[in-house]
Amino acid sequence: MLATSRSLMLLALVPVAAQCVAQSAPIPLPTQTVESTSPVQYEVWDGVVEATRDTTIAAQTNAKVLELPFDVGDSFTKGAVLARLSDVEQQAGLRSAQARLTAARAESREAGIHWKRTAELSQQHANSQAQLDAATARRDTSRANLDAAQAAVHSAEQQVSYTVIRAPFDGVILRRFVQAGQAVQSGPPEPQPILSIAALDSLRVDTVVPQTRAAAIRTANEATIRLDGNRDITGIRITVFPYADPASHTIHVRVDLPGKIENLYPGMTVPVAFPVPGLPRLLIPSSDIISRGELAAVYVLGPNDDLSLRQVRLGRESGGLIEVLAGLRAGERIVTDTTAAAQYLARQHAAGGPHP
C-alpha cells in the first residue's frame, strides 16, 4: 500500500483498490510487461544540394559565339546543342588540310612506283646503289608526309567539331559565362569558359553538424531529406568527414540521393534529418492509466499475483502511448483491462479477501 498522502487520496477515491490480493492460482486478468525502450529521435540541420556530376564547358577553338540555345536554369538532354560557334576559319583549315592530304597521297604513290622501278633495275645492275638509296629515301619521306597530312586532316576535323558544343549528359544550365556575338579563345593561358552545367540524376546534400553528433550519425548511417509537400527522400549513402572545423567545432556530412528528384536543384537549401537514439523510456498504453484529478495510477500484478493500484508520475503522450517517469520499473506487469481489475478487487473485497 502506498505511503504518500497523494496515494491516500487516490485510495479514498477508489477504496476497493486498496486491497492487494494474493492468490494461489493466477489472476485471470490480461497483463502487459513494462519494457524500457529507446525511441528514435530526429535532429535536423539545413544542407545545400550539390550535383555530383558538374562541369564547366570551355572553348577548345578560337571562334565567335553564334548561338546559346539554353539560358540559366534550363534543362537539356544528352546530345543537345548547348552552344554554336563560328566555323569559317576552321572550315578553311579543314579544306587546306584535305588539299595537302591529296597532294601527299599523289606524291606517296609516285614515290612508291619510282622506288619499285629503281629496285628492279638495281637487281639487273642497271643503276647504282646511290640511285636506289635516293629512291628509298624519297619513298619513306613521302609515306611520312602522308601520315602527317592525314593527322592534319583529323586535327582540322576536330577543330570544326569544336564549333558545335553538345551536352555530355542530361542536365541543367548553372551559369553562362559569355553571350552570343562574343569571341572566345582556347588559350593561352587557359581555355575560356562558356557554360557551367550539372546533371540532375546524381545529387547530394552537404550539411554541417556539431562534432558531438558525428558518432551517432555515423552509427545510425541514415538520413532523410525533408522536402515541401511532405516528401521525404531517404539518402542512399552517408559520409561523415573524418575531420572537424577547429573554429566552429563542426563536421561536414554528405548525403547521396537516389536518382533524379523532381523540383530539386543544385544550390537549394533543404532540411536534413538524422536519427539519434533517445534516452531509455517506459511507455505504456494511455488506456491503462486510472486518472482521478491530478492523480494517476495503474493496476500492477506483482510476482506473487498480488494485485494493487499504484500511483505513477507521467510524462508526454504520443500515438496512444504515455511515458511513465516514476512509479514503475521495467519488467513489472500492468493490467490492461482496468475495468476488469477494479471489478476483481471489488469482488475480493466483498468476499472478505485478504488485505495488505
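Residue numbers (my numbering): 4 to 359. Heads up, the beta-carbon is just placed ideally off N, CA and C, and yes, glycines get one too.
So, for residue i: in the same chain, excluding its five sequence neighbours on each side, which residues have a beta-carbon less than 6 Å away from its beta-carbon?
i, result
"I325", "S289 and L317"
"F79", "F73 and A170"
"T55", "S205 and R207"
"D173", "T80 and K81"
"A138", "H117, W118 and T121"
"A226", "G238, I241, V258, V275 and F277"
Tell me, to the nearest whole angstrom, how far the beta carbon of residue i is from that of residue j; I am working on the premise that it is less than 8 Å.
i, j, result
"L32", "V301", "Wrong, their Cβ atoms sit about 13 Å apart, outside the cutoff."
"P62", "Q195", "For clarity, residue 62 is Ala in the given sequence; the question names Pro instead. Yes, they are in contact, since the Cβ atoms of A62 and Q195 sit about 5 Å apart, within 8 Å."
"Q44", "G322", "Their Cβ separation, rounded to whole angstroms, is 14 Å, which puts Q44 and G322 out of contact at 8 Å."
"A152", "R103", "5 Å"
"E92", "S145", "The Cβ separation is near 29 Å, so there is no contact."
"V258", "G50", "7 Å"
"L310", "L304", "6 Å"
Using a 10 Å radius around the Cβ and a threshold of 16 neighbouring Cβ atoms, would you call residue i buried or exposed?
i, result
"Y347", "buried"
"S99", "exposed"
"Q351", "buried"
"Q291", "Sequence check: residue 291 is Asp here, not Gln. Classification of D291: buried, given that the 10 Å Cβ count is 16 or more."
"T166", "buried"
"I239", "exposed"
"D90", "buried"
"T36", "exposed"
"R112", "exposed"
"S131", "exposed"
"R120", "exposed"
"L328", "exposed"
"A354", "exposed"
"V75", "exposed"
"S294", "exposed"
"G184", "exposed"
"G232", "exposed"
Whose C-beta lies closer than 8 Å to the C-beta of residue i among residues of the same chain, with five residues either side of it excluded?
i, result
"S39", "P283, R284, L285 and A333"
"V47", "R229, P274, V275, A276 and F277"
"L97", "V156, A159, E160, Q162 and V163"
"E320", "S289 and E326"
"I60", "L85, A86, I168, P196, I197, L198, S199 and I200"
"A83", "P72, F73, R169 and A170"
"I287", "Q35, V37, V301, L324, I325, V327, L331 and I337"
Please state whether DSSP places residue i in a helix, a strand or coil.
i, result
"H117", "helix"
"R103", "helix"
"D136", "helix"
"H352", "helix"
"V84", "strand"
"A226", "coil"
"L328", "strand"
"A201", "strand"
"T368", "Residue numbering for the chain in the displayed model covers 4 to 359; residue 368 lies beyond these limits and cannot be assessed."
"E320", "strand"
"E70", "strand"
"V37", "coil"
"A343", "helix"
"A154", "helix"
"T215", "helix"
"R98", "helix"
"I176", "strand"
"V19", "Low confidence applies here, because V19 scores a pLDDT of 38, under 50, leaving its location unreliable and the question unanswered by this model."
"A159", "helix"
"S111", "helix"
"D90", "coil"
"A61", "strand"
Compare the Cα-Cα distances from residue i to each of the options and report the closest residue.
i, options, result
"R179", "E70, D231 and S311", "E70"
"G189", "T64, L328, Q44 and D74", "Looking at the sequence shown, residue 189 is not Gly but Ser. When each option's Cα is compared against that of S189, the closest is T64."
"E265", "D235, A151, L88 and G323", "D235"
"A170", "I197, G281 and E113", "I197"
"R221", "V256, R112 and G232", "V256"
"N224", "T58, R87, T341 and T237", "T237"
"V181", "R336, Q94, S294 and L88", "L88"
"P42", "V279, P245 and A114", "V279"
"A250", "N233, V211, E335 and D259", "V211"
"R216", "P245, D77 and A202", "P245"
"A218", "I241, A147, N148 and A107", "I241"
"N148", "R108, A129, Q126 and Q134", "R108"
"D77", "P306, I176 and A349", "I176"
"V68", "V187, A202, P306 and T341", "V187"
"A154", "P191, Q101, A349 and T58", "Q101"
Given residue i, which residues of its chain have a CB within under 7 Å of its CB, disregarding the five upstream and five downstream residues?
i, result
"V52", "L206, V208, L267, Y268, P269, G270, M271 and V273"
"Q214", "A247, H252, T253 and I254"
"T105", "none"
"P261", "I239"
"R142", "A114, G115 and W118"
"A344", "L32, Y302, L310 and V338"
"L124", "N130"
"Q134", "T121"
"T341", "D291, I293 and Y302"
Does at least one heavy atom of the ligand FAD sit under 7 Å from the Cβ of residue i?
i, result
"Q44", "Of ligands this structure carries none, so the ligand FAD is not represented either."
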